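Just remember that the numbering used here sits 4 ahead of the position in the sequence shown, which is counted from 1.
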Amino acid sequence: FVLFLFAYLVTVGGNLSILAAVLVEPKLHTPMYFFLGNLSVLDVGCISVTVPSMLSRLLSHKHAVPYGACLTQFFFFHLFVGVDCFLLTAMAYDRFLAICRPLTYSTGMSQTVQRMLVAASWACAFTNALTHTVAMSTLNFCGPNVINHFYCDLPQLFQLSCSSTQLNELLLFAVGFIMAGTPMALIVISYIHVAAAVLRIRSAEGRKKAFSTCGSHLTVVVIFYGSGIFNYMRLGSTKLSDKDKAVGIFNTVINPMLNPIIYSLRNPDVQSALWRMLTGRRLLAWGGLN
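Written as structure tokens, this is what we have:
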């Protein structure tokens with residue numbers, strides 16, 4: 005209980021700090037940090053869908069989850085994860101324009117384009133989450149309805165169903181190709197162009213700076229897609245092991261907690277913005293005493 009509560013507080017606090025810095029600091033009013041702010045919102049949403057309900061069940065010792073609450077948790081979890089897929093793609097596109105098309109970057113990544121990319125991400129993710137939730141609601145559960153996990157997700161619900169899940173699994177792979185395969189392909193294509201452009205930079209310092217801005221994003225992409233692929237490619241397993249639980253914890257708890265550290269808190273601009281926020285508050289407090 006204590007470890008999950010600590011992870012939740014650290015994740016929410018870290019991501020909200022990043023969001024506040026992006027909103028308050030004028031220097032961070034750029035496309036890259038606009039997407040980082042949205043990523044922070046998603047991380048808070050993703051962990052808030054699963055961990056608080058788990059903590060309340062641990063405190064009350066009541067492990068039963070109503071069917072409607074399970075489907076609601078399932079919907080919002082897939083909504084946030086779906087937006088994450090497309091947002092990571094938008095961030096790769098932003099790096100592609102900044103490094104490969106610097107002369108047209110301001111027009112290619114204008115505020116209108118940024119808002120359209122985020123709106124499209126939410127619309128596609130909403131459609132995906134709603135489709136899977138409706139399809140899941142058509143399954144029959146005969147009991148005993150005991151989930152070998154701490155939140156409701158596809159592998160666990162498929163295992164409990166006493167009706168055929170073949171159509172649901174086909175739907176998962178078909179939609180998964182659009183939701184995960186297409187963004188992954190676009191990210192890879194973007195970074196092939198980015199790598200080629202960076203290698204043409206003569207300055208060693210310039211190459212290092214370009215790779216450092218892309219390296220953090222690539223780390224987040226590898227962790228996000230790696231854990232997701234492992235989780236959903238094992239749907240045919242007849243028994244879910246403790247390894248599956250560990251992957252689930254990584255997806256819902258560790259990943260949102262690591263993202264601010266990997267992508268934002270290691271960024272000097274974000275660090276300086278957070279420091280100015282803290283010192284600014286202290287100056288206001290001292291001014292009040294005087």
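Glycine residues also receive a C-beta, built at the ideal position from the N, C-alpha and C atoms.
Predicted model only: the values in this text are computed from it and were never measured.
First and last residue of the uninterrupted alpha helix (DSSP H) at residue i
i           : result
residue 99  : 71-104
residue 141 : 115-141
residue 180 : 170-180
residue 33  : Run containing residue 33: none; DSSP gives neither H nor E here.
residue 257 : Premise fails: residue 257 is in no alpha helix (DSSP H) and is neither H nor E.
residue 191 : 186-203
residue 155 : From DSSP, residue 155 is part of no alpha helix (DSSP H); its letter is neither H nor E.
residue 108 : Residue 108 -> no alpha helix (DSSP H), and no H or E assigned at all.
Proximity of residue i and residue j at Cβ, strictly below 7 Å
i           : j           : result
residue 47  : residue 271 : no
residue 54  : residue 256 : yes
residue 87  : residue 129 : yes
residue 266 : residue 198 : no
residue 15  : residue 183 : no
residue 50  : residue 90  : no
residue 295 : residue 101 : In the structure as shown, the chain begins at 5 and stops at 294. Residue 295 is therefore absent and cannot be evaluated.
residue 23  : residue 44  : yes
Rounded separation between residue i and residue j - CA only
i           : j           : result
residue 203 : residue 114 : 27 Å
residue 289 : residue 280 : Caution is warranted here: a pLDDT of 39 is assigned to residue 289, below 50, making its placement in the model unreliable, and no coordinate value can be reported.
residue 275 : residue 172 : 45 Å
residue 116 : residue 167 : 46 Å
residue 12  : residue 107 : 42 Å
residue 162 : residue 209 : 51 Å
residue 146 : residue 165 : 7 Å
residue 35  : residue 144 : 46 Å
residue 134 : residue 99  : 31 Å
residue 160 : residue 9   : 24 Å
residue 58  : residue 156 : 11 Å
residue 293 : residue 71  : Per-residue confidence for residue 293 stands at a pLDDT of 39, beneath the threshold of 50, marking its modelled position as unreliable; no derived number is given.
residue 295 : residue 18  : The requested residue 295 is not part of the displayed model; the chain covers only 5 to 294.
residue 277 : residue 218 : 20 Å
Interface flag, residue i vs chain B, CB-CB below 7 Å
i           : result
residue 276 : Looking for chain B here will not work: only one protein chain is present.
(message) I want to know whether the region 38-45 touches the region 87-98 - three or more CB-CB distances under 8 Å.
(response) In the pairwise beta carbon analysis, the region 38-45 is classified as touching the region 87-98: at least three pairs are separated by under 8 Å.
(message) Counting beta carbon pairs with one atom in the region 224-232 and one in the region 127-143, are three or more of them shorter than 8 Å?
(response) Counting Cβ pairs under 8 Å, fewer than three are found: no touch.
(request) May I have a chain-ordered list of the alpha helix (DSSP H) segments no shorter than 4 residues that lie completely inside the region 39-66? (result) Positions of the alpha helix (DSSP H) runs, each at least 4 residues long and wholly inside the region 39-66, cannot be given because no such run exists.
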